[in-house]
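Here is the structure we will look at.
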Amino acid sequence: MTMAHHATEQARTALADITVEFARRRWFPGTSGNLSARVSAPGEPLLLLVSTSGRDKASMTAADFLLVDGSLQPVEPGGQPVVSPAELRPSAETAVHARIYEATACGCVVHVHTVWNNLIAELFASQGEVVLRDLEMLKGLDIWEEAAAIRVPIVENLFHLPTLAAAVVARMTDPRVPGVLIRRHGLYAWGANPFEAKRHVEAFEFMWEYLCRWRSVQQGSPLTALVEAATRGAS
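Just so you know, we're using UniProt numbering here: the sequence shown kicks off at 1 and counts up by one.
Written out as C-alpha cells, the structure reads:
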C-alpha cells in the first residue's frame, strides 16, 4: 500500500466515523448533508473523497465515499476515469465543496442540516450575517483573542448549485471564519482535516442553539414568534 493510498483510506474511515456520529445527533435528517476530504497534495489537481448521494447517514461506512476529480467525476485511486461507474453517485453538492477547496487550503468540508442552523439563519437573514461575540466556544474555531468577534455570512439558498457555490465563495472574505450559513438550508464548515472540521461544526452548532435560546429568553417570546417576525422582515 502506497503512502497516498494509506492516507486516502484513513480519510475514508475518519469521514465515515464523523458521518455516523453526526447522524446520531440528527444533523443529517432524511439522508441530507454531505462530507468530503481533500486527498490530493497542495498544487496537484484536485482529488476529493465525497459522500455518496441518497444514503442513510446512520449506516454509512468507508465504502460509501467516492473519489472524484476537479470536474466532479468519479475516478480510480490513480486519478483515471472510472470505466464502469457503480450505482453510487457523489453528492449533488460536491460542486460547493470543490469551490471551497479552491478558495482555501482546507482539507475537509462538512455540510449539516440542523434545526438550529436553519433557525439562526432565518433570525438574522435581514442582516446577511450572524455576529458571534464574546463566546467561549469561539475557541473551538481557533479564535483565542479576548472579546473576539466574527461575522458568519448568510447566503440565500439557490437551486442551481454552481451559482450557490459561487455565492458561498464570494462571502468567504474573513479567513478566520471556517463556515457559511445557507438560509433555509444548512451550514457548510471546513477545517484543515476531518478532526478540525468536526470541531468547527460542533462549535458552530453550540453557538447557534445558544443564540436562539438566549434571544428567546431576552425577548420573552417563544422561538416560533421570533422566527415569524424575522421572516416578515427578511422576505
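For each residue, glycine too, the CB sits at the ideal point set by N, CA and C. Please read these numbers as outputs of a predicted model, since none were measured by experiment.
Out of H5, A165, E93 and S51, state which residue places its alpha-carbon closest to the alpha-carbon of A16. S51
Identify every residue that forms a DSSP beta bridge with I150. The beta-bridge partner set that DSSP reports for I150 consists of L132.
Extent of the continuous beta strand (DSSP E) run through R184: No beta strand (DSSP E) contains R184, which DSSP labels as neither H nor E.
Taking Cβ positions, are A11 and V39 nearer each other than 8 Å? yes
Within this structure, are the beta carbons of residue 264 and G107 separated by less than 8 Å? Residue 264 falls outside the range modelled here, since the chain spans only 1 to 235, and no answer is possible.
Express the C-alpha separation of Y210 and V133 in angstroms, rounding to a whole number. Looking at the sequence provided, one finds Arg at residue 133 rather than Val. Each residue's Cα considered, the two are about 12 Å apart.
Would DSSP call C106 helix, strand or coil? DSSP places C106 in coil when its eight states are reduced to three.
Taking one C-beta from the stretch 142 to 162 and one from the stretch 171 to 185 each time, how about it: are there three or more such pairs within less than 8 Å? yes
Looking at F195: is its Cβ nearer than 8 Å to the Cβ of V112? Going by C-beta atoms, F195 is not nearer than 8 Å to V112.
Determine the closest residue to R176 out of L138, T163, S32 and H6, with distance taken between C-alpha atoms. Per the Cα distances, L138.
Which residue comes first and which comes last in the beta strand (DSSP E) that contains L49? L47 to S51
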